[in-house]
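Using our numbering, the letters of the sequence shown map in sequence onto residues 24 to 350.
All C-beta atoms in this analysis are idealised placements derived from N, C-alpha and C, irrespective of residue type, glycine included.
Worksheet: the structure to be examined is printed underneath.
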Amino acid sequence: MPGAAGWRSAAIRMLQPIRMRTLTLWLLPAWAALAQVPPATPTGSGYVGSNACKTCHADIWQPFFKNPHYKSIASGKESPEHTGCEGCHGPAQAHVTAGGGKNTIPRTFSLMSPERILNTCLDCHAKDLSRANIRRSEHTLNDVACTSCHSIHHSPTPKFLLAKQQNEMCYTCHTDVRGQFAMPHKHRVNEGFMQCSDCHNPHGSFDPTWSMGQRPRMMQQANTETPCLKCHIDKRGPFVFEHAPVRVEGCETCHFPHGSTNDRLLKRPVVFTVCLECHNGADDLGTRNNGVPLQTSRHNLFDPKFQKCTTCHVMIHGSNSDPYFLR
Ligand code: HEC
Ligand code: HEC
Ligand code: HEC
Ligand code: HEC
Ligand code: HEC
Ligand code: HEC
Ligand code: HEC
Ligand code: HEC
Ligand code: HEC
Ligand code: HEC
24 MPGAAGWRSA AIRMLQPIRM RTLTLWLLPA WAALAQVPPA TPTGSGYVGS
74 NACKTCHADI WQPFFKNPHY KSIASGKESP EHTGCEGCHG PAQAHVTAGG
124 GKNTIPRTFS LMSPERILNT CLDCHAKDLS RANIRRSEHT LNDVACTSCH
174 SIHHSPTPKF LLAKQQNEMC YTCHTDVRGQ FAMPHKHRVN EGFMQCSDCH
224 NPHGSFDPTW SMGQRPRMMQ QANTETPCLK CHIDKRGPFV FEHAPVRVEG
274 CETCHFPHGS TNDRLLKRPV VFTVCLECHN GADDLGTRNN GVPLQTSRHN
324 LFDPKFQKCT TCHVMIHGSN SDPYFLR
């Protein structure tokens with residue numbers, strides 16, 4: 024009695040003549056592309072070339088000419104271990120001889136550890152991803168590998184071969200973040216105006232240079248500055264009078280970057296409670312609170328006028344003309 028795999032490959036062999044005929048029609052585009060390619064020759068090192076896969080794996084082969092990884096087949100210039108199907112799955116001679124099977128080919132991804140998947144992909148992609156510090160990223164350290172986010176053969180996104188549309192893909196694991204982008208005020212990621220990857224590099228990042236002592240949070244960094252400034256350029260400065268936390272601690276000291284009940288995405292419902300987290304006089308012996316200036320005695324917080332600090336301190340992110348950010 025043959026095992027289940029044996030039955031299946033026997034069935035595939037039996038069906039081959041029929042499949043070949045019915046497939047010819049809708050395989051035409053792929054075959055047209057193929058016609059320009061010299062047939063790959065077996066090398067004696069176990070590589071058989073990608074053409075050997077097309078009869079049994081027609082469903083994978085047929086759309087493959089649209090895949091960016093088809094380039095290595097089209098160019099015909101790469102070494103066998105860097106060409107086409109075997110560039111990822113390894114030399115397939117034994118697999119073809121055996122008529123298939125999951126254990127007869129060196130790299131069956133469904134049986135591989137995250138680390139082995141990472142190493143397989145980085146064999147070619149180390150250079151693209153070198154700026155992402157990928158081996159030390161939170162994702163890698165938590166066994167989230169390339170194939171958690173990318174789908175080589177079944178991607179619904181033409182660009183970047185993502186497993187799903189980006190935000191939905193991220194939400195499958197980051198369920199709490201979905202709620203944050205559903206707040207009354209938010210960056211419009213779900214509406215398609217921006218993406219998680221405008222602010223985060225899902226591959227990883229180095230420690231940010233713009234805000235000391237914080238965890239990297241896999242932030243995108245262009246010119247070693249926070250990604251917020253890419254869009255909010257008026258906050259970039261440098262200002263003659265800096266408001267220290269903007270540059271030193273970063274935008275997220277006062278803002279929730281994803282979403283908030285406050286219409287300016289503040290972390291507190293009203294402005295003065297944000298300010299009073301620092302300008303509050305706790306631990307203070309004189310006029311400054313460990314370097315943070317106190318409000319003057321002329322500010323009377325019982326007077327509602329003083330409660331909206333930014334009606335007077337309008338240039339709260341920094342000013343070129345006033346040390347108190349009044350203009
Ligand atoms: C860039 C690397 C890469 C290349 C090139 C590649 N594959 Fe795959 N293949 C994978 C990964 C990763 C999986 C695991 C499933 C997934 O993520 O889509 C996979 C899965 C498969 C499967 C399992 C069935 C399935 O639908 O997932 C088969 C069969 C397969 N590949 C055959 C091929 C053939 C044939 C080619 C050449 C036409 C090829 N692969 C080229 C990476 C690759
Ligand atoms: C004679 C038919 C045949 C040929 C030729 C063939 N395969 Fe397969 N392949 C199979 C069968 C059958 C399976 C087992 C499928 C299963 O058990 O689900 C398989 C499984 C695989 C898998 C593992 C799929 C998984 O479940 O993750 C990969 C990868 C694969 N083949 C790649 C290739 C590549 C690359 C080539 C060409 C170099 C190739 N195959 C040529 C029949 C074939
Ligand atoms: C946590 C999800 C995630 C993981 C894990 C991941 N990627 Fe990506 N990758 C993405 C997203 C999202 C994009 C699209 C980025 C954009 O929109 O700019 C992308 C883009 C890419 C690109 C094209 C753009 C570029 O940055 O060069 C390549 C190549 C790539 N990934 C390869 C890989 C490889 C190889 C691995 C594993 C070593 C991997 N990715 C792991 C989510 C991921
Ligand atoms: C044999 C070398 C090789 C291997 C192994 C390989 N890739 Fe690629 N990959 C390439 C090449 C070449 C391109 C096309 C780059 C281009 O378009 O210039 C590419 C393109 C991509 C892209 C699309 C980038 C874009 O801009 O749309 C993604 C995503 C990607 N690879 C992910 C992976 C993942 C995930 C793996 C592991 C499962 C992997 N690659 C394994 C060589 C490889
Ligand atoms: C406008 C820029 C921006 C966008 C867009 C964005 N993020 Fe963030 N995200 C941040 C910043 C900044 C932090 C760090 C917050 C902090 O340290 O208080 C962060 C933190 C996180 C964290 C860590 C939270 C924690 O408490 O540890 C996760 C997970 C995350 N983001 C996922 C996502 C996902 C998923 C998306 C897309 C659906 C996304 N982000 C879109 C800026 C952004
Ligand atoms: C397969 C599950 C998975 C997917 C998909 C995924 N993540 Fe993650 N992500 C994790 C895990 C696990 C961690 C580490 C533990 C934690 O912080 O929850 C993490 C951590 C993070 C962090 C926090 C890093 C830190 O320093 O605290 C950010 C930011 C993040 N992911 C963004 C994204 C973005 C953006 C996407 C989509 C492009 C994405 N993730 C897709 C599982 C995933
Ligand atoms: C890709 C561009 C982009 C990036 C990156 C970006 N923003 Fe925004 N931001 C916007 C746009 C556009 C709006 C307008 C609100 C909308 O989308 O409806 C906005 C709105 C805001 C608002 C609310 C202002 C208002 O008046 O509605 C704040 C606060 C804010 N962003 C802070 C940040 C912070 C902090 C970061 C970095 C963590 C950041 N932004 C990164 C594009 C961006
Ligand atoms: C010290 C706290 C604080 C820090 C740090 C901070 N902000 Fe703000 N931000 C505020 C306050 C308070 C408001 C609301 C002003 C008002 O009431 O109109 C605001 C409003 C905004 C707005 C909307 C109104 C406008 O001026 O355009 C944007 C956009 C914004 N901040 C972006 C940023 C960015 C980007 C950073 C980091 C470079 C940052 N903020 C850092 C406190 C802060
Ligand atoms: C995370 C802590 C923090 C928060 C929140 C914060 N500040 Fe500041 N602020 C500082 C520090 C530190 C300085 C002093 C910088 C220095 O000495 O150069 C400062 C300086 C100032 C100054 C200039 C005072 C002077 O004597 O130079 C004003 C005015 C001010 N902040 C107002 C505000 C207002 C209004 C808010 C709320 C929207 C606010 N700050 C939120 C930490 C904070
Ligand atoms: C009605 C306008 C107005 C409002 C509202 C206001 N301030 Fe001021 N604030 C000023 C002026 C004017 C100064 C300049 C210094 C002075 O008058 O002594 C100042 C100075 C400051 C200073 C620097 C004090 C010093 O001596 O270095 C801080 C800190 C400050 N304000 C914080 C706040 C906070 C926090 C709020 C909200 C709770 C707030 N201000 C609301 C007008 C205002």
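Buried/exposed call for residue i, threshold 16 Cβ in 10 Å
i: Cys193; result: buried
i: Arg321; result: exposed
i: Thr198; result: exposed
i: Ser136; result: exposed
i: Pro103; result: buried
i: Pro280; result: buried
i: Phe348; result: buried
i: Val337; result: exposed
i: Pro231; result: buried
i: Ala245; result: exposed
i: Cys196; result: exposed
i: Phe216; result: exposed
i: Thr249; result: buried
i: Ser344; result: exposed
Sequence-distant residues of the same chain with beta carbon closer than 6 Å to residue i, five excluded per side
i: Cys251; result: Cys274
i: Glu109; result: Tyr70 and Ala115
i: Leu152; result: His226
i: Ala168; result: Pro137, Ile140 and Leu141
i: Pro179; result: none
i: Gly260; result: Gly341
i: Glu214; result: none
Residue from the options whose Cα sits closest to the Cα of residue i
i: Val71; options: Gly113, Asn90 and Glu101; result: Gly113
i: Met206; options: Asn303, Thr120, Asn285 and Gly110; result: Asn285
i: Pro346; options: His105, Trp84, Glu265 and His208; result: Glu265
i: Arg158; options: Thr106, Ser228, Gly107 and Pro86; result: Ser228
i: Ala267; options: Phe295, Val294 and Val315; result: Val315
i: Cys76; options: Gln244, Ala117, Glu101 and Lys94; result: Ala117
i: Asp221; options: His176, Gly202, His255 and Gln318; result: His255
i: Lys290; options: Asp257, Ala149 and His208; result: His208
i: Gln318; options: Ser342, Leu299, Pro327 and Asp326; result: Leu299
i: Arg130; options: Thr143, Thr120 and Phe262; result: Thr143
i: His177; options: Pro292, Asn90, Asn224 and His278; result: Asn90
i: Leu145; options: Ile339, Thr163 and Lys187; result: Thr163
i: Ala155; options: Asp326, Val269 and Asn224; result: Asn224
Helix, strand or coil at residue i according to DSSP, with G and I counted as helix
i: Asn190; result: helix
i: Pro316; result: strand
i: Gly5; result: Limits of the chain in this structure are 24 at one end and 350 at the other, which puts residue 5 out of reach.
i: Leu324; result: coil
i: Lys209; result: strand
i: Glu248; result: strand
i: Ser344; result: coil
i: Phe295; result: helix
i: Leu134; result: helix
i: Phe264; result: strand
7 Å Cβ shell around residue i - same chain, five flanking residues per side excluded
i: Leu324; result: Gln330
i: Phe132; result: Ile140 and Thr170
i: Thr334; result: none
i: Ile96; result: Val60, Ser73, Thr106 and Gly107
i: Ser160; result: His226, Gly227 and Met241
i: Val119; result: Val71 and Ala75
Residues of its chain near residue i, where Cβ-Cβ distance is below 8 Å and the 5 sequence neighbours each way are ignored
i: Gln218; result: Gln189, Asn190 and Val212
i: Phe183; result: His173
i: His92; result: Gly107, Gly110, Cys111 and Ile175
Below-8 Å beta-carbon distance, residue i vs any chain B residue
i: Ala117; result: Annotation note: the requested chain B is absent from the structure, which comprises a single protein chain.
*Can you list, in chain order, the stretches of the beta strand (DSSP E) that have 3 or more residues and sit fully within the region 137-188?*
At a cut-off of 3 residues, not a single continuous stretch assigned as beta strand (DSSP E) sits fully inside the region 137-188.
*Report the residue ranges of all alpha helix (DSSP H) runs contained in full by the region 58-119; include only those spanning at least 4 residues, in chain order.*
Taking only runs of at least 4 residues, the alpha helix (DSSP H) segments lying wholly in the region 58-119 are 81-84, 94-98 and 107-112.
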